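Visitor: Pasting a structure here, questions to come.
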Amino acid sequence: MTPAIRVSDLTKVYRRYSHRKQFRTVKSALLGGNLFKELKPDEVFTALSGVTFNVRQGATFAVIGRNGSGKSTLLKVMAGITRPSSGEVVVPGRISALIELGAGFHPEISGRENVFINGIMLGLSKQEIRDRFDEIVEFAELKEFIDAPVKTYSSGMYMRLGFSVAIHVNPDVLLIDEVLAVGDEGFVHKCLDKLSEFRRRNKTIVLVTHSLGLVEKLADEALWLDRGKTQLRGDPKKVVDAYLAQVATREEQALAAAEAQAVAQFQKPSQPQHPADPPVEPYSAFAREKGRWGSREIEIVEVDLLGADGATKHVFRSGEPVTIRLAVRASGTLSDFVFGVALFNADGVCCYGTNTHIEEWLPEKLSGSGEVRVVIDRLDLIEGSYTLDVAAHQRDGYPFDYHRSLHAFRMTSETKDVGIFRPAHRWEFSPTVVLRRREP
701 MTPAIRVSDL TKVYRRYSHR KQFRTVKSAL LGGNLFKELK PDEVFTALSG
751 VTFNVRQGAT FAVIGRNGSG KSTLLKVMAG ITRPSSGEVV VPGRISALIE
801 LGAGFHPEIS GRENVFINGI MLGLSKQEIR DRFDEIVEFA ELKEFIDAPV
851 KTYSSGMYMR LGFSVAIHVN PDVLLIDEVL AVGDEGFVHK CLDKLSEFRR
901 RNKTIVLVTH SLGLVEKLAD EALWLDRGKT QLRGDPKKVV DAYLAQVATR
951 EEQALAAAEA QAVAQFQKPS QPQHPADPPV EPYSAFAREK GRWGSREIEI
1001 VEVDLLGADG ATKHVFRSGE PVTIRLAVRA SGTLSDFVFG VALFNADGVC
1051 CYGTNTHIEE WLPEKLSGSG EVRVVIDRLD LIEGSYTLDV AAHQRDGYPF
1101 DYHRSLHAFR MTSETKDVGI FRPAHRWEFS PTVVLRRREP
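Numbers given in the numbering used here equal positions in the sequence shown, counted from 1, plus 700.
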């Protein structure tokens, strides 16, 4: 069977724009007969490189990847909006593309006129557009505004009209690039129902989205692009899991680098060394500026968050075990000391805080180097970014070493609940209240 879309060794190169010699460079490149061969490597940007795949008739094909990976460029080449630098894209059927919010709309004229212009651009006759006009407007929910200039539309109205036109031209191939993200909940559900109808009618859909749940739900096959190159193609679940693993790795590296930089910034003690002249603590324990203070008679020399395997991590799944490890060092022998930890969310709200004094651990002796661990069997925080404060101080509060917001970590979760933490719970229903679990 002939594929609905065939992409062979597709490469797309753009010129980087710079104020340095740009006109002389373009002129020399044009006179030489090939713009990109004459440009230096640092003067071009390769948006796509050697991308190859086929999409079978009637399949829903998802393209995922981080921003700047080449997803939108791929759809623009498939739609014929831009030409490939090399390689080939073949789409035999009628294409309808919803690629950029408001693309193809003239802001100064009415929605009605824009429907006709877009319909003609997509291959319909004026009579065909007249026959479908009421249906287009009804689906877009814009009856009251269809004669208003498009420049008065909100982003959601743009999306509704663009999507409605795109699906009512009866395309063989529908290209959609993330525009559903601006729609309201009700209209997005209506769009998804329409996509399901398209699938039942054996239409081909190519979907670029950051909604990985949507990829797993709708797609028959997925492509993961990174820096313009194919990383993986195949089963959507497998592709999404591989992509998320790389995202977690990069996030882990970024958090580790940021933590190292923050700790290094406050490495040297800036406070007095003797209790007779105690260091001044910031005005509020909940002011979330990064900082470190204390006499360093006890120094917290290392802070690690450990996963179940004992390895240092910065990204955890909600419900995973977490161990907070403090490597400490005393400058002498001390008998009055307290160790504490506190977890804060991105808004600076204290999610939990405790210390050895609160939990009635009585200090007796500390000398030289040692280690303190707080073992949490399940860290049931909801998805989000968090910081960890750690401290060593006397029972009266005199600070030895306080780290504020220097240690960051992130929680991930498939459950998108809200709040701060996820308590252990279950749902129970009487026989007259009937629900069923959504299929994974």
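Positions of the beta carbon are idealized from the N, C-alpha and C atoms, including for glycine.
None of the values given here were measured: they were computed from a predicted structure.
Between which two residues does the alpha helix (DSSP H) containing residue 936 stretch?
Guide: Counted from its first residue, the sequence shown places residue 936 at position 236. Residue 936 -> alpha helix (DSSP H) spans 936-965.
Visitor: So, at 8 Å on beta carbons, what are the nonlocal neighbours of residue 870 in its own chain, with the 5 sequence-adjacent residues on each side left out?
Guide: To locate residue 870, count along the sequence shown from 1; it is residue 170. Correct list, in chain order: 794.
Visitor: Hey, is the stretch 1048-1065 in contact with the stretch 1024-1039, meaning 3+ C-beta pairs nearer than 8 Å?
Guide: The stretch 1048-1065, when compared against the stretch 1024-1039, does touch it at the 8 Å Cβ threshold.
Visitor: Tell me whether residue 1103 is buried or exposed, calling it buried when 16 or more other Cβ atoms sit within 10 Å of its Cβ.
Guide: Translated into the one-based positions of the sequence shown, residue 1103 becomes position 403. Residue 1103 is buried by the Cβ-count criterion.
Visitor: Thinking just about the alpha-carbon of each residue, which of 773, 939, 1007 is nearest to the one in residue 1078?
Guide: Against the sequence shown, residue 1078 aligns to sequence position 378. Out of 773, 939, 1007, 1007 has the C-alpha closest to the C-alpha of residue 1078.
Visitor: Comparing C-alpha positions only, which one of 955, 1107, 1055, 928 sits nearest to residue 1093?
Guide: Walking along the sequence shown from the start, residue 1093 turns up at place 393. Nearest option by C-alpha distance: 1055.
Visitor: Beta-carbon within less than 6 Å of residue 1023's beta-carbon, same chain only, minus the 5 sequence neighbours each way: which residues are those?
Guide: The count along the sequence shown starts at 1 and reaches residue 1023 at position 323. The answer, listed in chain order, is 1006, 1073, 1075.
Visitor: Comparing C-alpha positions only, which one of 712, 1052, 760, 1119 sits nearest to residue 900?
Guide: As a working mapping, residue 900 is identified with position 200 in the sequence shown. Ranking 712, 1052, 760, 1119 by Cα distance to residue 900 puts 760 first.
Visitor: Please tell me whether residue 1082 and residue 1117 are closer than 8 Å, where the distance is taken between their beta carbons.
Guide: For this step, residue 1082 is matched to residue 382 along the sequence shown. For this step, residue 1117 is matched to residue 417 along the sequence shown. Contact flag set, yes.
Visitor: Across the stretch 906-925 and the stretch 761-778, are there enough close Cβ pairs to call them in contact, namely three or more that are closer than 8 Å?
Guide: Touching, yes.
Visitor: Applying the 10 Å Cβ sphere with the 16-neighbour rule, what's the burial state of residue 745?
Guide: As a position in the sequence shown, residue 745 is number 45, starting the count at 1. Label assigned to residue 745: exposed.
Visitor: Is the Cβ-Cβ distance between residue 994 and residue 1096 less than 8 Å?
Guide: Reading the sequence shown from its first residue, position 294 is the one you call residue 994. Reading the sequence shown from its first residue, position 396 is the one you call residue 1096. No, these two residues do not count as a Cβ contact at 8 Å.
Visitor: Given a cut-off of 8 Å on the beta-carbon distance, is the pair residue 875 and residue 798 in contact?
Guide: Taking the first residue of the sequence shown as 1, we reach residue 875 at position 175. Taking the first residue of the sequence shown as 1, we reach residue 798 at position 98. Against a cut-off of 8 Å, the Cβ pair of residue 798 and residue 875 comes out as a contact.
Visitor: Under 8 Å Cβ to Cβ from residue 951, same chain only, skipping five residues before and after it: list those, please.
Guide: Along the sequence shown, read from residue 1 onward, the residue named residue 951 stands at position 251. If we look at residue 951 and ignore the five residues flanking it on each side, its Cβ neighbours are 1014, 1015, 1110.
Visitor: Who are the near neighbours of residue 1002 in its chain, counting only those whose CB is closer than 8 Å to its CB and skipping five residues on each side?
Guide: The residue you call residue 1002 lines up with position 302 of the sequence shown. Cβ neighbours of residue 1002 beyond the five flanking positions: 1025, 1026, 1027.
Visitor: Just the Cα atoms here: how many angstroms apart are residue 713 and residue 769?
Guide: Taking the sequence shown and counting its residues from 1, the one referred to as residue 713 is at position 13. Taking the sequence shown and counting its residues from 1, the one referred to as residue 769 is at position 69. Approximately 13 Å between the Cα atoms of the pair.
Visitor: Identify the continuous alpha helix (DSSP H) that holds residue 886 and give its terminal residues.
Guide: Residue numbering aside, residue 886 sits at position 186 when the sequence shown is read from its first letter. Residue 886 -> alpha helix (DSSP H) spans 885-900.
Visitor: Short of 7 Å in beta carbon distance, which residues of its chain neighbour residue 765, apart from the five on each side in sequence? Order them along the chain.
Guide: If you number the sequence shown from 1, residue 765 lands on position 65. Excluding residues within five positions, the ones whose Cβ falls inside 7 Å are 771, 924, 925, 926.
Visitor: Look at the alpha carbon of residue 857 and the alpha carbon of residue 895, and state the distance between them as a whole number of angstroms.
Guide: Here residue 857 refers to the residue found at position 157 when the sequence shown is read from its first residue. Here residue 895 refers to the residue found at position 195 when the sequence shown is read from its first residue. Near 19 Å, if we compare the C-alpha coordinates of residue 895 and residue 857.
Visitor: Give the DSSP bridge partners of residue 993, in chain order.
Guide: By 1-based counting over the sequence shown, the position of residue 993 is 293. Residue 993 pairs with 1102.
Visitor: So residue 1018 is in the alpha helix (DSSP H); what residue range does that whole segment cover?
Guide: As a position in the sequence shown, residue 1018 is number 318, starting the count at 1. No alpha helix (DSSP H) contains residue 1018, which DSSP labels as neither H nor E.
Visitor: State the Cα-Cα distance for the pair residue 820 and residue 947, rounded to the nearest angstrom.
Guide: What you label residue 820 is simply residue 120 of the sequence shown in a count that begins at 1. What you label residue 947 is simply residue 247 of the sequence shown in a count that begins at 1. Between residue 820 and residue 947, the C-alpha separation is close to 42 Å.
Visitor: Out of 828, 1042, 837, 708, which has the shortest C-alpha to C-alpha gap to residue 859?
Guide: Mapped onto the sequence shown, residue 859 falls at position 159. Nearest of 828, 1042, 837, 708 to residue 859, Cα basis: 837.
Visitor: One question on the structure: do residue 850 and residue 814 come within less than 8 Å of each other, judged by their Cβ atoms?
Guide: Reading the sequence shown from its first residue, position 150 is the one you call residue 850. Reading the sequence shown from its first residue, position 114 is the one you call residue 814. A contact, by the Cβ cut-off of 8 Å.
Visitor: Does DSSP put residue 870 in a helix, in a strand, or in coil?
Guide: For the purposes of this step, residue 870 is taken as the residue at position 170 of the sequence shown. Three-state DSSP puts residue 870 in coil, outside helix and strand.
Visitor: Does the CB of residue 934 have a neighbour CB from chain D at under 8 Å?
Guide: Among the protein chains of the structure shown there is no chain D, as only one such chain exists.
Visitor: Strictly by DSSP, which residues pair up with residue 712?
Guide: Residue mapping note: residue 712 aligns to position 12 of the sequence shown, counting from 1. DSSP lists 748 as partners of residue 712.
Visitor: Do residue 706 and residue 754 have their C-beta atoms within less than 8 Å of each other?
Guide: Indexing the sequence shown from 1 puts residue 706 at position 6. Indexing the sequence shown from 1 puts residue 754 at position 54. Yes, they are a contact pair.
Visitor: Taking only three categories from DSSP, how would you classify residue 1113?
Guide: On the sequence shown, position 413 is the one that residue 1113 refers to. DSSP places residue 1113 in coil when its eight states are reduced to three.
Visitor: Could you name the residues of the same chain whose beta carbon sits closer than 6 Å to that of residue 787, not counting the 5 residues immediately before and after it, in chain order?
Guide: Taking the sequence shown and counting its residues from 1, the one referred to as residue 787 is at position 87. Only 708, 709, 710, 711 meet the Cβ criterion.
Visitor: Just the Cα atoms here: how many angstroms apart are residue 942 and residue 828?
Guide: By 1-based counting over the sequence shown, the position of residue 942 is 242. By 1-based counting over the sequence shown, the position of residue 828 is 128. Each residue's alpha carbon lies about 45 Å from the other.
Visitor: Please list, in chain order, all residues of the same chain as residue 1049 whose beta carbon is under 8 Å from its beta carbon, the five residues on each side excluded.
Guide: Taking the sequence shown and counting its residues from 1, one reaches residue 1049 at position 349. Same-chain partners within the cutoff: 1120.
Visitor: With distance defined between alpha-carbon atoms, name the residue in 796, 913, 966 nearest to residue 1115.
Guide: Along the sequence shown, read from residue 1 onward, the residue named residue 1115 stands at position 415. Nearest option by C-alpha distance: 913.
Visitor: With H, G and I counted as helix, E and B as strand and the rest as coil, what does DSSP make of residue 1210?
Guide: Outside the shown range of the chain (701 to 1140) lies residue 1210, about which nothing can therefore be said.
Visitor: Does DSSP put residue 858 in a helix, in a strand, or in coil?
Guide: Locating residue 858 in the sequence shown gives position 158, where the first residue counts as 1. DSSP places residue 858 in helix when its eight states are reduced to three.
Visitor: Could you compute how far the alpha carbon of residue 779 sits from the alpha carbon of residue 805?
Guide: As a first step, residue 779 must be located in the sequence shown, where it is residue number 79. As a first step, residue 805 must be located in the sequence shown, where it is residue number 105. Near 16 Å, if we compare the C-alpha coordinates of residue 805 and residue 779.
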